[in-house]
Structure formats: C-alpha cells, structure tokens
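Step one of this worksheet: look at the structure below.
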Amino acid sequence: PEEFKLKPHSVLPRGKPCVVCILDGFGENKHKDQYNAVHSARTPNVDKLRANAQRCRFVQAHGTWVGLPSDDDMGNSEVGHNAIGSGKVYKQGASLVDAALESGDLFKGDGFNHVKQAFVAGGTLHLIGLLSNGGVHARYEQLKQLFRGSFEAGAKRIRLHVLTDGRDVPDGTSIEFVGQLEKDLEDLRAKGCDALIASGGGRMHVTMDRYEADWGIVERGWKAHVLGEAPHKFTSAVEAVTELRKLPKANDQFLEPFVIVDEKTGDAVGTIQDNDAVVLFNYRSDRMVEISKAFEYENFTSFDRVRYPKNLKFAGMLQYDGDLKLPANYLVPPPFIEKTSGEYMVKNGLSIFACSETQKFGHVTFFWNGNRSGYFDEKRETYVEIPSDKCPFNEKPDMKTREITEAGIAALKSGRYDLLRINYASPDMVGHTGSLEATIRACETCDKCLGELLAEVDKLGGVYLVCSDHGNADDMVQRNKKTGQPLTDADGNNMALTSHTLAPVMVAVGGAGLKDSVKMREDLPKAGIASITATFINLCGYEAPSDYEPTLIDA
Ligand code: 3PG
Ligand code: CO
Numbered sequence: 008p009e010e011f012k013l014k015p016h017s018v019l020p021r022g023k024p025c026v027v028c029i030l031d032g033f034g035e036n037k038h039k040d041q042y043n044a045v046h047s048a049r050t051p052n053v054d055k056l057r058a059n060a061q062r063c064r065f066v067q068a069h070g071t072w073v074g075l076p077s078d079d080d081m082g083n084s085e086v087g088h089n090a091i092g093s094g095k096v097y098k099q100g101a102s103l104v105d106a107a108l109e110s111g112d113l114f115k116g117d118g119f120n121h122v123k124q125a126f127v128a129g130g131t132l133h134l135i136g137l138l139s140n141g142g143v144h145a146r147y148e149q150l151k152q153l154f155r156g157s158f159e160a161g162a163k164r165i166r167l168h169v170l171t172d173g174r175d176v177p178d179g180t181s182i183e184f185v186g187q188l189e190k191d192l193e194d195l196r197a198k199g200c201d202a203l204i205a206s207g208g209g210r211m212h213v214t215m216d217r218y219e220a221d222w223g224i225v226e227r228g229w230k231a232h233v234l235g236e237a238p239h240k241f242t243s244a245v246e247a248v249t250e251l252r253k254l255p256k257a258n259d260q261f262l263e264p265f266v267i268v269d270e271k272t273g274d275a276v277g278t279i280q281d282n283d284a285v286v287l288f289n290y291r292s293d294r295m296v297e298i299s300k301a302f303e304y305e306n307f308t309s310f311d312r313v314r315y316p317k318n319l320k321f322a323g324m325l326q327y328d329g330d331l332k333l334p335a336n337y338l339v340p341p342p343f344i345e346k347t348s349g350e351y352m353v354k355n356g357l358s359i360f361a362c363s364e365t366q367k368f369g370h371v372t373f374f375w376n377g378n379r380s381g382y383f384d385e386k387r388e389t390y391v392e393i394p395s396d397k398c399p400f401n402e403k404p405d406m407k408t409r410e411i412t413e414a415g416i417a418a419l420k421s422g423r424y425d426l427l428r429i430n431y432a433s434p435d436m437v438g439h440t441g442s443l444e445a446t447i448r449a450c451e452t453c454d455k456c457l458g459e460l461l462a463e464v465d466k467l468g469g470v471y472l473v474c475s476d477h478g479n480a481d482d483m484v485q486r487n488k489k490t491g492q493p494l495t496d497a498d499g500n501n502m503a504l505t506s507h508t509l510a511p512v513m514v515a516v517g518g519a520g521l522k523d524s525v526k527m528r529e530d531l532p533k534a535g536i537a538s539i540t541a542t543f544i545n546l547c548g549y550e551a552p553s554d555y556e557p558t559l560i561d562a
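First residue of the sequence shown? That's 8 in the UniProt record's numbering, and the numbers climb one at a time after it.
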C-alpha cells in the first residue's frame with residue numbers, strides 16, 4: 008500500500024541482513040566504579056564497539072525521551088521497546104493515567120462507570136496491583152486517588168490486594184508502602200468507608216507473571232485475592248509483610264502470598280464474590296495480561312480457579328492487549344501506537360526474525376509492534392521464544408543467552424531474513440536481583456555471545472546495530488546523592504539497587520556490509536532511543552518515514 012511505501016536510501020544498499028541486538032538493561036552510567044556491572048565485567052566486544060567513536064554514541068532512554076511524565080522517571084522495557092519499535096515518542100500509561108486523574112476524566116469514563124454499577128449496587132470494590140512508586144507498572148499516588156475517588160463515587164466497601172515491589176524500588180520498602188496505605192485507609196474509614204487490605208504477596212511470586220512464564224504465580228494470586236486462601240494468614244498487612252520478610256531468603260519481590268483475616272472470626276476479610284467490582288490498577292500491560300484472562304474469560308484452563316465469581320464488573324487501569332481487547336473495560340485509553348517499523352518493513356517486502364527468551368519475548372514482539380500480540384504478516388515474520396528458566400536469575404545468570412545466540416546465528420545463516428531482532432535479557436533480569444557478581448557474569452556472557460553473533464554478521468557481509476533499552480546493570484548499589492558513595496545498612500553492607508537507572512544507553516553500528524562512509528551524526532547531541540528505529544531502517548537500505556525521530560547516522 009502506498010502509505011507504507013518506503014523510499015530506497017540514496018546511499019545505503021538493500022539486501023544485506025541487519026541484526027538489531029538489544030542488551031536489555033545495559034546502560035552507560037556516570038558511576039564507573041566496581042558497583043557498575045557493565046564496566047566491571049570483561050566485555051572486549053562491547054569495548055571494541057565503544058572505542059569506535061565514529062560509529063558509537065549514547066542516547067537518552069528515560070523520562071520524557073520515552074513518553075514518561077518527568078525526567079526523574081527511569082526508563083523501562085515497555086516504553087523502551089515501544090520507542091525502538093515505533094520510531095516515535097508516545098505519551099505512555101504513566102503519563103496518561105496522571106492526566107486522566109488530574110482532569111477527572113478517569114471517573115467519568117465508560118470503564119469507571121462499568122465498575123461503579125457494581126459498587127453502587129452494594130458490591131465490594133477490589134483493587135489489585137503493585138504497591139510501588141517505581142512508576143514502571145503503577146504509582147502509589149494514583150492508587151490513592153483511585154480509592155478516594157471511588158469512595159466519593161459511592162464505593163462503601165473497598166478491599167485492596169497488594170503486591171509488594173522491591174524491584175522498581177529498593178527491597179524492604181514494602182513495609183513503608185503498606186504502612187502508608189494503612190494510614191490512608193484509616194483516613195478513609197474515618198469518613199465512613201469500610202476499606203481494608205485483604206491479601207497480597209511479592210510481585211515475582213504472586214499474580215504478576217508475564218508471557219506465561221509460570222502460571223503458578225497467577226494461581227497463587229487468584230487463591231489469595233479471590234478465594235481468600237494462602238499459606239500465611241495475618242490480622243494486619245504490616246504484620247504480614249514484617250513477618251514474611253523474616254522467612255529464609257525472603258524479600259519484597261518474592262514475598263509469600265498472604266491473606267488478612269478477621270481477628271474474631273478468622274475469616275478472610277476480602278474474598279471476591281459474585282456481583283463485586285474488580286479493578287487492576289497497574290497501567291503496564293505485560294504483567295497484567297494473565298490475571299486479566301483469569302478474571303475475564305468464562306472458559307479458562309490455565310489453572311483451576313475453583314470458584315469463578317459471577318457477574319463481576321471487571322476493568323483494567325488500561326486495556327492491556329489491543330488485539331485481544333483485553334480487558335474489555337478499562338479506566339484510561341492506552342497509547343495508540345501505529346505504523347511501527349515492523350509493519351513498514353513487512354509491507355515493503357522485508358522478512359523479519361525476532362527472538363528472545365520468555366522473560367523478554369513479548370518485548371521484541373508485542374511491545375516492539377506497538378502492543379500488538381500477533382504478526383503483521385505471518386509469511387514474512389518468524390518469532391522464536393526460548394523458554395526461560397523458572398528460578399531467581401542470579402542462580403543461573405547466563406539465562407538463555409547462549410540459546411538465543413544460536414537461534415540468531417541459525418536464522419542469519421538461513422538467509423531468509425532482512426531484519427533480525429534479538430534481545431539478551433540477562434543484564435536486566437539478573438540486575439533486578441541486586442546481585443553484583445551474578446550481574447557481572449550476565450554481562451560477560453552477553454558480551455561473549457554478542458561477539459559470536461556479530462562475527463557471523465561479518466561473515467555474511469551483513470550490518471548490525473547494538474543498543475540497549477534502559478539502564479540497570481550499570482549501577483548495582485543505592486548511592487548517596489551528593490557523594491556518589493554506596494549507602495550501607497545497619498550491618499555496614501552496601502544496599503543493593505535492584506531497579507533500572509536513568510543512564511543513557513549505547514548505540515553502535517557496524518558490520519562488514521556497512522559502507523565506510525557511515526558515521527554518527529554530530530548535529531543531534533541529545534537524541535533518544537526512538538532515533539534507533541530510523542537508524543536501522545537506513546541500515547536495511549531505506550529512508551525512514553518522515554514522521555519518525557531522526558536517524559543517528561550520516562551515510
Ligand atoms: C519488571 O517488570 O520486571 C520490571 O518492573 C521492569 O523490567 P523491564 O522493564 O526491564 O521489563
Ligand atoms: Co527490567
């Protein structure tokens with residue numbers, strides 16, 4: 008179709024395989040000491056790329072560069088892959104929810120009216136999601152406005168089902184978040200609302216699985232939130248979190264599921280019943296899709312729900328999957344991301360290969376394609392998912408880097424693909440565990456595998472672009488803001504940084520098939536990762552669409 012026609016590039020040839028490799032969570036941090044796993048790791052291949060100043064530069068990957076509310080917001084893989092896949096900066100869920108609360112539109116929309124039907128008729132309103140200020144999946148201030156606004160709109164009984172974070176915010180902060188929530192609910196109770204925390208658990212162990220890596224996680228959530236069943240029962244959530252953190256190897260991310268019970272009767276205070284209202288208050292989609300299916304789908308076989316409440320009024324903060332229309336009801340319309348690079352490419356006759364392991368599979372497919380779950384053209388696209396391990400990733404820090412590399416090399420050798428999108432998950436996923444040693448190991452394995460992948464590109468006369476989507480492994484300690492020195496706990500140990508960082512990320516181009524004349528432009532000192540898209544479209548031999556962020560290269 009005419010509107011998707013790309014102009015051939017005036018200088019760069021078509022027909023050379025182009026590999027775009029994303030080292031997930033591999034930032035270029037200003038702190039270059041031993042706590043920076045990216046710099047502490049031996050990475051001869053990345054070093055070589057970095058050393059070629061003509062063909063390597065750094066771009067911004069956080070805040071307003073990727074559609075987040077402010078430049079204090081660290082980047083993340085959702086917004087990062089949206090930007091890299093679509094070539095544009097869209098206002099993202101975090102920003103859209105803020106705006107909808109600020110204007111009051113959230114409380115006037117169809118989604119809110121849908122859940123309101125249940126709670127004005129006497130049903131309980133259940134709010135389920137991540138208790139955090141990380142701003143990646145959810146933000147506490149938004150939750151607070153949501154329960155206050157719901158009370159004003161007629162909700163007389165509210166139950167919160169909270170997932171503790173420790174991944175987008177420091178480990179251990181769950182106690183403060185739960186304490187704050189208890190205080191705010193007490194205020195609400197003083198106004199006459201019967202509002203209580205009903206259940207919870209750690210985000211990596213309860214409810215927030217992604218890409219069907221482990222449905223058992225979602226099942227534990229269902230049992231706690233809906234059925235009121237969990238191995239641990241407490242009469243207060245602060246007590247729950249405090250006690251569960253004392254179990255061996257416990258932390259906020261992996262906290263055991265718990266249910267809050269009535270002091271006198273011992274009954275769960277907030278099971279989900281027929282005719283209730285349920286809102287998932289996370290805006291980010293990947294970790295809400297499975298629990299949404301469990302609530303929304305009449306026929307559902309991924310685990311035994313035991314009891315499926317009838318006539319629930321269910322909504323997501325956003326719609327999490329536009330193709331599946333999941334969920335059907337939502338409080339805020341999601342960003343509408345269109346005319347992504349993948350769609351352009353297949354409509355210009357290019358063939359695409361995309362590969363990662365389970366934990367990042369949807370990143371190089373779903374997020375890359377503007378939050379679409381299918382193919383644009385199945386004949387021209389192959390998506391390969393390597394199953395991830397099901398363990399804390401510091402225990403197996405190589406993750407599936409080797410297997411992804413082998414799949415990438417095989418796809419290159421097949422000669423079938425014009426563009427190959429590869430995501431190495433481990434710098435990010437291991438970085439989130441807070442283990443410095445394991446994250447260094449992850450970076451070293453990635454570098455080794457990257458070397459092998461790029462060697463194959465050279466052998467075939469291809470081209471490549473190596474980049475990242477946001478920082479993470481580049482800083483593994485919390486720091487004193489003034490001195491930059493690591494913060495220490497009561498025992499004198501450094502306090503781990505499990506979250507992403509604000510660091511810029513590298514973009515390097517190369518390959519035996521790249522014309523000698525190609526170098527980084529000098530007139531874009533402040534580019535962001537959305538400029539990566541036009542850059543690899545050029546490498547494939549085409550001019551980028553004129554409304555994309557500008558290319559990083561001169562040819
Ligand atoms: C997660 O969901 O694992 C983290 O909150 C963010 O990680 P990602 O943006 O790198 O996927
Ligand atoms: Co991450």
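For every residue, glycine included, the Cβ atom is placed at its ideal position computed from N, Cα and C. The structure presented is a predicted model; accordingly, all values stated were derived computationally and were not measured.
Can you give me the start and stop residues for the beta strand (DSSP E) that T389 sits inside?
-> 388 to 393
What's the gap between the Cα of A449 and the Cα of T365?
-> 17 Å
Around the Cβ of L254, are there at least 16 other Cβ atoms within 10 angstroms (buried) or fewer (exposed)?
-> exposed
So what's R166 in DSSP terms, helix, strand or just coil?
-> strand
Check the DSSP bridge columns for C25 and list the partner residues they point to.
-> L426, V470
If we ignore side chains and look at the alpha-carbon of each, how far apart do I447 and P511 end up?
-> Spanning the two alpha carbons is a distance of roughly 19 Å.
Flag S442 as yes when its Cβ comes closer than 8 Å to any non-hydrogen atom of the ligand 3PG, and as no otherwise.
-> No, the ligand 3PG has no heavy atom inside 8 Å of this Cβ.
Roughly how many whole angstroms lie between the Cα atoms of D221 and V353?
-> Approximately 32 Å, taken between the alpha carbons.
According to the Cβ coordinates, are C284 and F321 closer than 9 Å?
-> Rather than Cys, the amino acid found at residue 284 in this sequence is Ala. Their beta carbons are under 9 Å apart, which means A284 touches F321 by this criterion.
Between which two residues does the beta strand (DSSP E) containing K367 stretch?
-> Unbroken run through K367 is the alpha helix (DSSP H), 365 to 369; no beta strand (DSSP E).
Mind checking whether the beta-carbon of D293 lies closer than 8 Å to any heavy atom of the ligand 3PG?
-> Using a cutoff of 8 Å, the CB of D293 counts as near the ligand 3PG, since one of the ligand's heavy atoms is closer than that.
Cβ-based burial, P20 [other Cβ within 10 Å; buried from 16] = The residue in question, P20, is exposed, as its Cβ has fewer than 16 Cβ neighbours within 10 Å.
According to the neighbour-count rule (16 or more other Cβ atoms, all chains shown, within 10 Å of its Cβ), is K256 buried or exposed?
-> exposed
If you measure from the CB of G32, is any heavy atom of the ligand CO nearer than 8 Å?
-> Within the cutoff, so yes.
Are V473 and V53 closer than 9 Å when you measure CB to CB?
-> Judged by beta-carbon spacing, V53 lies within the 9 Å limit of V473, meaning their Cβ atoms are closer than that value.
Neighbourhood of A537 by C-beta, 8 Å cutoff - its chain only, sequence neighbours within 5 removed | W72, V73, A90, I91, S93, G94, K95, V96, Y555, E556
N- and C-terminal bounds of the alpha helix (DSSP H) containing V127 = 117 to 127
Three-state secondary structure (DSSP) at Q61?
-> helix
Pick out whichever of V514, T540, N545 has its Cα sitting closest to the Cα of R62.
-> V514
Which of helix, strand or coil DSSP assigns to D105 | Note: D105 maps to helix in three-state DSSP.
What is the DSSP secondary structure of D191, counted as helix, strand or coil?
-> helix
At what residue ranges does the segment 408 to 463 contain a whole run of the alpha helix (DSSP H), taking only runs of 4 or more?
-> 408 to 421, 433 to 438
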